[in-house]
Amino acid sequence: MERSLVLIKPDGVQRGLMGDIIRRLEQRGLKLVAAKFLLVPRELAEKHYAIHKGKAFYNDLLDRITSAPVLALVWEGAQVVSSIRQTVGSTNPANAEPGTIRHDLGLSTEYNLVHASDSPENGEFEVALWFSPADLVSWKRDTDRWIYP
Ligand code: CMP
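The sequence shown lines up with residues 162 to 310 when you count with the working numbering.
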């Protein structure tokens, strides 16, 4: 089963948007299997954003993600990675479609509220980076039969 890591980043937490962001993902029909509210250790931030190392914005990126708490979430389901990317919207909120989280709630790339895994492979990698296997709750959701054929 495909999994995606979603981080509600410090700007989303500070602005009190956690509930709204979770509501949008839940209403889409996505299934939550893990959640953790934490101050991100610099070392974890470096591993998570390793792909951006060397870029001009890398240090600022680390400073921002470690500046206040983050809510880390794992969602599970068929095609969950692409479905979440669609609901989240483009990296730059100015290019995000109306109705997406980044369009509706944000205005800048730096404070774009959420991170979401960009491929099923990265989903697996990021879930393993942020959570241990025991953190992932295996549960049967009774509404699944009204969401998936
Ligand atoms: P996120 O999905 O968390 O992954 C990396 C983050 O870097 C991205 O969201 C943006 O917040 C940020 N980012 C991406 N590109 C730029 C850029 N050109 N300048 C500043 N920040 C960026």
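For glycine and all other residues, C-beta sits at the position ideal for the given N, C-alpha and C. Owing to the predicted nature of the structure, the values given are computational and were not obtained by experimental measurement.
Cβ-heavy atom distance, residue i to ligand 1, below 8 Å
i      : result
ASP296 : no
PHE218 : yes
ASN283 : no
LEU161 : In the structure as shown, the chain begins at 162 and stops at 310. Residue 161 is therefore absent and cannot be evaluated.
VAL235 : no
THR261 : no
ALA255 : no
THR252 : yes
HIS213 : yes
Exposed unless 16 or more other CB atoms sit within 10 angstroms - verdict on residue i
i      : result
ILE182 : buried
LYS301 : exposed
TRP307 : exposed
ILE262 : buried
GLY260 : exposed
Under the three-state DSSP convention, the category residue i falls into
i      : result
ALA257 : coil
LEU186 : helix
VAL298 : coil
Please determine if the segment 281-298 and the segment 185-204 are in contact, where contact requires at least 3 C-beta pairs separated by less than 8 Å.
Yes, the segment 281-298 touches the segment 185-204.
In the segment 204-251, which residue ranges form an unbroken alpha helix (DSSP H) of at least 4 residues, counting only runs that do not cross its ends?
Those alpha helix (DSSP H) runs which fall completely within the segment 204-251 and span 4+ residues are 219-226 and 241-249.
Across the segment 273-287 and the segment 164-184, are there enough close Cβ pairs to call them in contact, namely three or more that are closer than 8 Å?
With the cut-off at 8 Å, the segment 273-287 and the segment 164-184 touch.
Do the segment 262-275 and the segment 169-178 make contact, defined as three or more Cβ pairs closer than 8 Å?
The answer is yes - the segment 169-178 touches the segment 262-275, with three or more Cβ pairs under 8 Å.
Across the segment 202-212 and the segment 236-246, are there enough close Cβ pairs to call them in contact, namely three or more that are closer than 8 Å?
With a cut-off of 8 Å, the segment 236-246 and the segment 202-212 do not count as touching, because too few Cβ pairs lie within range.
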